[in-house]
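Visitor:
2 protein chains.
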Amino acid sequence: MQFQLTSEFIELIEQLIANKDGNALKETLKEFHFADIAELLEELNHDEATYIIKLLGSDITSEALMELDDDFRERILENLSPQEIADELDEMDTDDAADIIAELDEDIQQKVIEKIEDEEHAADIVDLLRYDEDSAGGLMAKELVRVKETWTVAGCVREMRRQAENVTRVHSIYVTNKEGKLTGRLSLKDLLTAAEKTKISDVFIPKVDYVTVHTEGEEVARIMQKYDLEAIPVVDEQGILVGRITIDDIVDFIKEEAEKDYQMAAGISQTVEADDSVWQLTRARLPWLVLGLFGGLGSVYIMQGFEEALEKFPILFFFTPLIAAMAGNVGVQSSAIIVQGLANDNVKGSLFNRLVKEVGLALINGTALGLLVIIFGFIVGQNQLVSITIAISMLSVIIVAALIGTFVPIILHKRGIDPAIATGPFITTSNDIFGIFLFFYISKVVLGF
Amino acid sequence: MQFQLTSEFIELIEQLIANKDGNALKETLKEFHFADIAELLEELNHDEATYIIKLLGSDITSEALMELDDDFRERILENLSPQEIADELDEMDTDDAADIIAELDEDIQQKVIEKIEDEEHAADIVDLLRYDEDSAGGLMAKELVRVKETWTVAGCVREMRRQAENVTRVHSIYVTNKEGKLTGRLSLKDLLTAAEKTKISDVFIPKVDYVTVHTEGEEVARIMQKYDLEAIPVVDEQGILVGRITIDDIVDFIKEEAEKDYQMAAGISQTVEADDSVWQLTRARLPWLVLGLFGGLGSVYIMQGFEEALEKFPILFFFTPLIAAMAGNVGVQSSAIIVQGLANDNVKGSLFNRLVKEVGLALINGTALGLLVIIFGFIVGQNQLVSITIAISMLSVIIVAALIGTFVPIILHKRGIDPAIATGPFITTSNDIFGIFLFFYISKVVLGF
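Keeping their order, the protein sequence lines are chains U and R. Residues 1 to 449 in the UniProt record's numbering are what the first sequence lists, from first letter to last. Residues 1 to 449 in the UniProt record's numbering are what the second sequence lists, from first letter to last.
(1) Give me, in chain order, the residues of the same chain whose beta-carbon lies closer than 7 Å to that of Asp276(U); leave out the 5 immediate sequence neighbours on both sides.
(2) Please give me, in chain order, every unbroken run of the alpha helix (DSSP H) with length at least 4 that falls completely inside the segment 321-346 of chain U.
(3) With 8 Å as the threshold, decide whether the Cβ of Leu412(U) is near any Cβ in chain R.
(4) Is Thr183(R) helix, strand or coil by DSSP?
(5) On a Cα-Cα basis, can you pick out the residue from Val400(R), Asn346(R), Phe378(R) that is closest to Val359(R)?
(6) Can you tell me which of Asp36(R), Leu25(R), Thr423(R), Ile433(R) puts its alpha carbon nearest to the alpha carbon of Met224(U)?
(7) Please tell me whether Pro409(R) has its Cβ less than 8 Å away from any Cβ of chain U.
(8) Would you say Phe376(U) reaches chain R, if we count a Cβ-Cβ gap shorter than 8 Å as a contact?
(9) Ordered along the chain, which non-local residues of its own chain (more than five positions away) have a Cβ less than 8 Å from that of Leu229(R)?
(10) Is it a yes or a no for the segment 317-335 of chain U touching the segment 297-311 of chain R, going by three-plus beta-carbon pairs under 8 Å?
(11) For Leu55(U), tell me which candidate among Lys26(U), Glu78(U), Met66(U), Glu42(U) has the shortest Cα-Cα distance.
(12) So for Ser350(U), helix, strand or coil by DSSP?
(13) Pro409(U) to Thr429(U), Cα distance in whole Å?
(14) Using C-beta distances below 8 Å, list every residue in its chain close to Ile101(U), excluding the 5 sequence neighbours before and after it, in chain order.
(15) Kindly say whether Asn346(R), judged by its beta-carbon, lies nearer than 8 Å to any beta-carbon of chain U.
(16) For Gly448(U) and chain R, any beta-carbon pair shorter than 8 Å?
(17) Around the Cβ of Asp249(U), are there at least 16 other Cβ atoms within 10 angstroms (buried) or fewer (exposed)?
(18) Would Met92(R) pass as an interface residue toward chain U - the criterion being a Cβ-Cβ separation below 8 Å?
(19) Quick one: what does DSSP say Ser81(R) is sitting in, helix, strand or coil?
(20) In chain order, what residues of the segment 44-57 of chain R put their CB closer than 8 Å to some CB of chain U?
(21) Rounded C-beta distance between Ile200(U) and Trp151(U)? I'm assuming under 8 Å.
(22) Within this structure, are the beta carbons of Ala336(U) and Gln382(R) separated by less than 8 Å?
(23) Assuming the contact rule is C-beta atoms closer than 8 Å, Val332(R) and Gly424(R) should be a hit. Round their C-beta distance to whole Å, please.
(24) Quick one: any contact between the segment 274-292 of chain U and the segment 173-185 of chain U, if contact means 3 or more CB pairs under 8 Å?
(25) In the segment 84-128 of chain R, which residue ranges form an unbroken alpha helix (DSSP H) of at least 4 residues, counting only runs that do not cross its ends?
(26) Spatial neighbours of Ile173(R) within its chain, please: C-beta separation below 8 Å, excluding the five flanking residues on both sides.
(27) For Lys142(R), count neighbouring C-beta atoms within 10 Å of its own C-beta (all shown protein chains included) and say buried if the count is 16 or more, exposed if not.
(28) Just curious, the beta strand (DSSP E) that Arg415(R) is in, first and last residue?
(29) Quick check on the DSSP output: the alpha helix (DSSP H) that includes Pro206(U) runs from which residue to which?
(30) May I ask you to list, following chain order, the residues of the segment 58-82 of chain U that have a beta carbon less than 7 Å from some beta carbon of chain R?
(31) Please classify Met1(R): does DSSP put it in a helix, a strand, or coil?
(32) Residues of the segment 332-363 of chain U with a CB closer than 7 Å to any CB of chain R: list them in chain order, please.
(33) Of all Cβ atoms in chain U, is any one closer than 8 Å to the Cβ of Gln280(R)?
(34) Considering only their Cβ atoms, is the gap separating Leu41(R) from Leu5(R) smaller than 8 Å?
(35) Output the distance between the C-alpha atoms of Ile315(R) and Glu307(U), rounded to the nearest integer angstrom.
(36) Based on the DSSP secondary-structure assignment, which residues constitute the bridge partners of Asn216(U)?
And the structure:
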């Protein structure tokens with residue numbers, strides 16, 4: 001089942017597009033999965049991709065469009081008329097269609113919505129545009145199968161067949177009361193095994209997990225993962241069933257969240273991809289580098305304050321990058337574990353216990369590394385008091401770095417700030433400054449310069 | 001629907017356990033979701049948790065056990081007899097049961113398997129133990145609904161009802177030929193809408209995505225995400241349908257993978273959690289710190305080679321940590337973007353174009369940062385030639401760091417090595433050394449000491 005795009009195949013497609021040989025293209029691509037079409041489109045330029053989008057039926061291309069990178073899709077949509085965009089949206093689930101509309105310029109949005117053939121579909125899309133894109137309202141689709149408590153199993157199957165036409169995958173059937181309030185659910189399996197005349201109210205499961213339109217995406221992801229749900233219904237403020245979120249949308253969300261934290265830890269301040277423009281990449285990378293630069297200039301200032309050590313103990317200045325690196329590495333390790341622990345909700349126990357643990361850990365690591373420094377000093381014939389001073393300062397720096405790395409994220413989290421910002425360059429830079437100061441201060445006390 | 005464990009509630013439960021008041025406990029917990037029970041168990045000690053596991057029915061506790069942290073579950077299982085463990089496994093899906101068995105000591109494994117009541121279930125579990133845990137074989141469950149091409153829709157529904165009892169959620173019905181080879185699939189929706197006497201061979205979808213037992217978990221995750229699949233069938237070497245993997249198992253897998261990369265970037269060499277023991281945390285953290293230490297000692301050696309600069313340009317030594325930090329930050333940024341791009345398969349285009357782009361990006365960032373250094377020098381009244389030298393060296397260091405950060409992961413990836421190891425401390429440390437050397441070398445050439 002492996003699909004592999006070869007450069008020969010891409011060339012063939014480009015040739016067919018150049019020749020405007022629509023029939024041959026249709027024939028070549030007809031067995032392709034939409035995800036593979038999307039992969040192909042991204043290898044072409046915007047005009048070639050637009051040609052294919054216009055050529056193939058919107059049942060395929062609407063799905064392929066959703067798989068494309070945002071920027072690439074935007075460029076293609078610019079080449080399409082409002083009518084052509086509306087045709088694509090007609091085939092999409094409401095949640096996807098709303099995402100696309102939100103990407104368009106405001107003056108085009110209205111024109112596109114007016115051209116959508118299915119009025120109910122259009123109204124659903126407009127309704128979804130109200131919600132913040134990271135809230136349950138912004139993530140949900142309007143397509144779902146709903147039945148009323150008062151129906152029989154037979155009536156329910158009839159109604160379900162009708163509704164199911166618009167629903168790509170039926171996970172659960174949601175049960176509401178007369179007012180439309182969510183009261184329970186019914187599995188397809190239950191429906192298959194119940195007698196035809198049974199009332200829904202006798203067989204449905206009154207316990208159902210749900211979220212409201214305002215629940216944050218992160219919380220939806222947490223609930224769906226915790227309870228192993230494949231779909232979750234969404235209700236409005238009055239408890240009326242208004243939509244559902246399926247696990248595939250949440251998988252993307254979980255992945256994006258994990259990638260965002262990873263990038264934050266790597267000092268990239270907004271979500272970028274390897275293939276983004278130099279300008280986008282600069283905007284994402286420069287801010288943290290400037291922070292690092294100011295931190296470095298702070299270190300310069302600190303070291304100037306210990307200038308008198310230059311004559312008697314120049315070796316201390318050779319060791320400064322090592323101390324800074326250790327402070328940075330230990331800080332990043334500590335903060336990464338805590339940030340991940342906070343995200344997964346498994347940082348438990350008292351702060352005091354955590355303090356004892358972090359100090360213990362830093363003592364073990366610091367002592368081991370300190371011994372290596374002393375052994376190194378012995379081998380290269382370094383003044384032993386200097387070696388011991390460096391080892392002791394390093395141990396202290398490691399302890400302080402571990403404490404900063406652990407407690408800064410915890411404090412940020414308690415204040416409702418995303419602790420992920422306190423990893424990477426932030427922790428590295430602040431630990432560099434603290435570490436270098438501590439190193440020279442301890443050295444000054446012990447060596448007395 | 002929010003479930004919130006309060007400390008009062010935990011105390012109540014602990015009190016009930018101390019009083020051995022089984023009935024009150026059962027009554028209190030009877031409406032609880034297994035995921036909430038798991039959350040409660042993790043707040044108790046092992047003996048208390050064991051008491052609850054033994055008290056409640058294995059239909060609830062088998063699911064709760066699966067949600068527990070590995071270490072915690074291991075401790076509880078140690079308190080259970082082979083018969084009690086077997087009872088839990090009887091309720092589990094085969095994939096979960098196999099995971100549990102694999103965690104037990106070898107001498108207990110055999111005893112537990114012998115006690116499993118359902119022999120077919122036991123045989124399926126033993127069969128799954130053969131596969132590597134990160135392969136499709138290790139991820140799949142044996143529970144699935146299968147029908148033969150030759151059956152009618154009515155016969156299929158009958159057979160399905162029988163099979164569905166063992167299958168928690170029916171995603172797709174898989175169609176096989178007489179020999180059991182996978183030939184297609186059928187959606188529940190299709191089955192609901194087809195006439196009773198229709199032959200399966202007339203309505204099934206012959207196009208079905210699948211993986212083999214040896215496909216790696218990462219690849220399974222990629223395929224399921226790309227094609228938006230909620231379940232995928234697994235076949236053996238002969239194409240015989242042997243199991244299926246559902247998206248919920250893959251969600252966990254994706255999350256674990258993302259966390260592993262994140263931890264790797266943070267210099268933590270094996271998956272640890274905030275609540276692991278000091279010893280586990282030390283083992284995960286010390287190796288990279290030792291690497292960092294050796295890198296730092298390398299820098300000491302390099303700077304000793306430029307000792308003559310101490311007299312005339314001591315300021316260079318004050319700037320060394322800044323240069324090292326820049327080299328490290330730029331390297332981590334570049335590598336993180338590439339590692340993520342490689343993982344998501346969106347690093348495209350020629351190596352030469354990427355080279356041009358990275359150099360361009362480094363030039364922009366480096367020039368901006370260099371100007372800041374010159375401005376800083378001007379403000380503090382630093383020798384201007386020295387400021388310019390530092391700015392130029394920093395620019396060069398940033399370019400080299402970006403190239404190392406970009407191309408080391410690409411080269412590793414091409415050689416089949418996980419590029420994620422080339423982020424974090426690895427890149428920081430090597431860039432520190434290269435950066436410091438380049439800085440002093442360029443300074444020596446320009447300033448002539």
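Built from N, CA and C at the ideal position, the CB exists for glycine as well. Remember, predicted model here, so these are calculated numbers, not experimental data.
Guide: So, from the listed chains and residues:
(1) none
(2) none
(3) no
(4) strand
(5) Val400(R)
(6) Asp36(R)
(7) no
(8) yes
(9) Asp209, Ile223, Ile247
(10) yes
(11) Lys26(U)
(12) coil
(13) 15 Å
(14) Leu89, Gln109, Val112, Ile113, Ile125, Leu129
(15) yes
(16) no
(17) buried
(18) no
(19) coil
(20) none
(21) 5 Å
(22) no
(23) 7 Å
(24) no
(25) 94-103, 106-115, 119-128
(26) Val145, Arg146, Val147, Cys156, Met160, Arg185, Leu186, Ser187, Leu188, Leu191
(27) buried
(28) Careful: Arg415(R) lies outside any beta strand (DSSP E) and carries neither H nor E.
(29) Careful: Pro206(U) lies outside any alpha helix (DSSP H) and carries neither H nor E.
(30) none
(31) At Met1(R), the pLDDT of 49 sits below 50, so the modelled position is not reliable; the number obtained from the coordinates is stated separately. Reduced to three states, the DSSP call for Met1(R) is coil.
(32) Val332, Gln333, Ala336, Ile337, Ile338, Gln340, Gly341, Asn346, Val347, Lys348, Lys357, Gly360, Leu361
(33) no
(34) no
(35) 10 Å
(36) As written in the sequence, residue 216(U) is Glu, which differs from the Asn given in the question. According to DSSP, Glu216(U) bridges with Ser135(U).
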